[in-house]
Amino acid sequence: MTAPLHGLVLAGGHSRRMGRDKAGIQFDGHTQLQRTFGLIQHLVVRGFVSVRPDQQQDPLRAAFPQIVDAAGVQGPIAGIRAAQLAYPGAAWLVVAIDLPLLDAPTLQNLIARRDPARLATAYRSSHDGLPEPLCAIYEPAAAAAIEAWLATGRNCPRKFLIQSDTLLLEQPNPQSLDNVNTPADLAATSSTAAGNAAPRELRVQYFALLREQAGRREEAVMTRAATPHELFSELAARHRFTLGTEHLKVAVNTEFSDWSRPLAAGDTVVFIPPVAGG
Amino acid sequence: MSAFRFSSTPIDGAQLRSELIDVHCGGFTAFEGWVRDHNEGQQVTHLEYEAFEALGVREGEKIIAEACARHGVTRALCVHRLGDLGLKEIAVWVGVAAAHRDEAFKACRYIIDEVKHRVPIWKKEHYVSGDSGWVNCERCAAHAHDHDEHGHAHHHDHA
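Each protein sequence line maps, in turn, to chains H and P. Numbering-wise, the working numbering puts 149 at position 149 of the first sequence, and it's gapless, one number per residue. When you read off a place in the second sequence, starting at 1, and then add 1000, the result is the number in the working numbering.
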């Protein structure tokens, strides 16, 4: 039987590299804590914010249902452990506070494709191919596994997922899990978040060598890529295409196109490998 | 019927020729591309053609319109096969009918040359060795791969 899904926003970090509380950073007029909690609360049975014992009365956090970190555990896994102890029958959608580009489709896709028979369902990072532990679903069975993991003196949730029975999914929007740890990250992300290119759905069709390498004839892609060139870079990283744009042409909506043409929601993009008719 | 078509069944040249017969034309020429048993030193057993059909038909029609305009040709038709083809089968058929032979030859040559370069059609060759490859793609890909060998992994600073 599939366990009920609860949600946990990890807001108990020290934000040492940022130099200020990441939960309070604002995008679009909302704090990261409000925005993240707002994203998960309608997707789960119950939503909570994970806090350190000394953060319970903090004005940013006081208004939310809280789970206080497990004592004696360091790092984000302390929040996950505390939630598992508090509600042993629940599965947990765990989401970090420092993902300002996180969007609803990314969470909905994770939930829709969740495999309750595994210990966890997570995304494969679009940056390094490793599991993203802080936008992931941990099944009830992961509680005992995490307890055993902590007992060996380890506490990195990413390494836990690497060594556990984790279902790994591709990110529908490759930037949605970019995190901000430093003021420089924040500046870069603010400009992305403020840009016109909000994530939107594009259709991509593949032919010949690209079809074989992508392992599909077409796909819907949630992306901020502004042009076919940016879109190809994104997809080439995901599908490990061996052809570069110097060998390809591109068509948008059944017309040959420039690589720098702006893309709009609903556009169909086809990358055209070297042709060989006759 | 479009002047440029794809066909997943064998091409019947006589049938296509009959579509072009016209009392105003004094000359007709056709080009047939056949599946041969070798390419670049490899023994070919069969071919596989794939196309982006919607764009392919548009581009093919454009080529035929260009040929007619440039060479004053009355009628032209091109059909390209898709799917699996055995040796000796017709892969592409071009037929042109014109008032005189000169424009028919020139237009026919123009159409086959442009189709090969511009229409999104891909050919996979299957070899006696059991190997296979997308023509014009594999060498580019191998080249691109050489450049990638020293690529670096992204560093992701995780929370």
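Even for Gly, the Cβ is constructed at its ideal location relative to N, Cα and C. Predicted, not measured: the structure shown is a model, and the values here were computed from it.
Going by beta carbons, H:L110 and H:C135 fall inside the 8 Å limit. P:V1023 is classed as exposed because its beta carbon has fewer than 16 other beta carbons within 10 Å across all chains shown. Taking 3 residues as the minimum length, the beta strand (DSSP E) runs contained wholly in the segment 242-277 of chain H are 249-252, 255-257, 268-272, in order along the chain. Our two residues, P:A1065 and P:A1091, have alpha carbons roughly 22 Å apart in a direct line. Under the Cβ distance rule, H:A214 does not count among the residues neighbouring chain P, no pair being separated by less than 8 Å.
By the criterion of a C-beta distance shorter than 7 Å, P:F1052 is surrounded in its chain by P1120, once the five residues flanking it on both sides are discounted. Note that the C-beta distance between H:L177 and H:L202 is not below 8 Å.
The residue from P:F1004, P:L1082, P:R1081, P:T1074 with its alpha-carbon nearest to that of P:H1100 is P:T1074. Counting only unbroken stretches of 3 or more residues, the beta strand (DSSP E) elements lying wholly within the segment 101-188 of chain H are 120-124, 131-138, 166-170, in sequence order. When DSSP states are grouped into helix, strand and coil, P:K1088 belongs to the coil group. Contact residues of the segment 1104-1121 of chain P toward chain H are I1112, V1115, K1116, H1117, R1118, V1119, P1120, I1121 (C-beta to C-beta distance below 8 Å).
DSSP places P:T1029 within a strand segment (E or B) once states are collapsed to three. For P:L1055, the nearest CB of chain H lies under 8 Å from its own CB, placing it at the interface with that chain. Segment contact: the segment 266-275 of chain H against the segment 200-216 of chain H, three or more CB-CB distances shorter than 8 Å; contact assigned.
Chain H has a Cβ within less than 8 Å of the Cβ of P:V1092. Residue contact with chain H for P:N1039: absent (no Cβ-Cβ distance below 8 Å to any residue of chain H).
Interface residue (Cβ-Cβ distance to chain P less than 8 Å): H:F207 is classified as such.
For P:V1044, the enclosing beta strand (DSSP E) begins and ends at 1042-1051. Setting aside the 5 residues that flank it on each side, H:F64 is surrounded in the same chain by F37, V49, each with a C-beta closer than 7 Å to its C-beta; the list follows chain order. With respect to the 8 Å criterion, P:A1003 and P:E1061 are classified as neighbours on the basis of their beta carbons.
If you ignore the 5 residues before and after H:D258, its C-beta comes within less than 6 Å of no other C-beta in its own chain.
In the three-state reduction of the DSSP assignment, P:R1070 falls in the helix class, which pools H, G and I. Between H:T268 and H:Q205, the CB-CB gap stays under 8 Å.
The segment 5-17 of chain H and the segment 85-101 of chain H touch, with no fewer than 3 CB-CB distances between them shorter than 8 Å.
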